[in-house]
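Protein sequences, first through last, are from chains A and B.
Residues 125 to 234 (our numbering) are what the first sequence spells out, left to right.
Residues 120 to 239 (our numbering) are what the second sequence spells out, left to right.
Even glycine gets a Cβ: it sits at the ideal position worked out from N, Cα and C.
Encoded as structure tokens, the structure appears first; notes follow it.
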Amino acid sequence: GENVEQHPSTLSVQEGDSAVIKCTYSDSASNYFPWYKQELGKRPQLIIDIRSNVGEKKDQRIAVTLNKTAKHFSLHITETQPEDSAVYFCAAGNTDKLIFGTGTRLQVFP
Amino acid sequence: GAVVSQHPSRVICKSGTSVKIECRSLDFQATTMFWYRQFPKKSLMLMATSNEGSKATYEQGVEKDKFLINHASLTLSTLTVTSAHPEDSSFYICSARGAPGLAGGRYEQYFGPGTRLTVT
């Protein structure tokens, strides 16, 4: 069945450093790859997404890259801040459904 | 825009009773809503896809007779956990898929705040 793997499960960085989270997916029909940020007890919030016709997308300190051939996509956060601390989920899918990765708990230390 | 609400936010029920959770899209029409279950410190597990006016599509391993889904209008989907047991205790989150014309188009899912169900 469809599967999305996400690494690492936890990530600790110093404020100002960069953070990278990687995901791989199995369903070659996937054409939409969003990233969600979830703070404790709150709803997931979309932070950036990419579609399969694009290899890279950037929004201020956040960027996502996609390698469709290898079925890999990654989230890059630069100049991390303590408020970036949260759980981040990748997902892969299409208009029918999304399959979520297992999540990465990011801690940014001041 | 694209706000999704869920009610109740928390519910405690006794084993054997049924609980209904509502998911509403407040400022847009959602032909498709999704129901997820999230265990503590775990990922979102898709339970079912709810389409307005038709039967829900359940993921493998999800009991459709236990988790009843109704999507009676373009702004409301309900999940009823029937004959709840302690193992049904979890965080249930719905999402509504954007329609053409919204910023995310037909792809982006907007999430509700979730419902924490505790079965005693």
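Here DSSP, grouped into helix, strand and coil, assigns Pro158 (chain A) to strand.
Contact check for Lys166 (chain A) and Phe153 (chain B): beta-carbon distance about 18 Å, past the 8 Å limit, so the pair fails to qualify. Proximity to Glu141 (chain B) across B:Val238, B:Tyr226 and B:Ser214 peaks at B:Ser214, based on C-alpha coordinates. Rounded to whole angstroms, Ser196 (chain B) and Asn170 (chain B) show a C-alpha spacing of 9 Å. Under the Cβ distance rule, Gly179 (chain A) does not count among the residues neighbouring chain B, no pair being separated by less than 9 Å.
Cβ contact annotation for Val178 (chain A) (same chain, cutoff 8 Å, sequence separation greater than five): Leu190, in chain order.
A residue is called buried when at least 16 other Cβ atoms come within 10 angstroms of its Cβ; His204 (chain B) does not meet this threshold and is exposed.
Residue range Ala143 to Tyr149 is occupied by the beta strand (DSSP E) that includes Val144 (chain A).
Contacts with chain A at 9 Å (Cβ-Cβ) do not include Arg143 (chain B). When Cβ-Cβ separations below 9 Å define contact, Arg175 (chain A) makes contact with chain B. Per DSSP, reduced to three states, the secondary structure at Glu206 (chain B) is helical. An exposed status is given to Phe158 (chain B), since fewer than 16 other beta-carbon atoms sit within 10 Å of its beta-carbon. In the DSSP secondary-structure assignment, Gly179 (chain A) is not bridged to any residue.
Residue environment analysis places His131 (chain A) among the exposed positions, since fewer than 16 neighbouring C-beta atoms fall within 10 angstroms of its C-beta.
Annotation for Gly217 (chain A): the continuous beta strand (DSSP E) segment containing it runs Ala210 to Gly217. A Cβ-Cβ separation of about 17 Å leaves His200 (chain A) out of contact with Ala216 (chain A) under the 8 Å criterion. Beta-bridge analysis with DSSP links Ser169 (chain B) to B:Met152.
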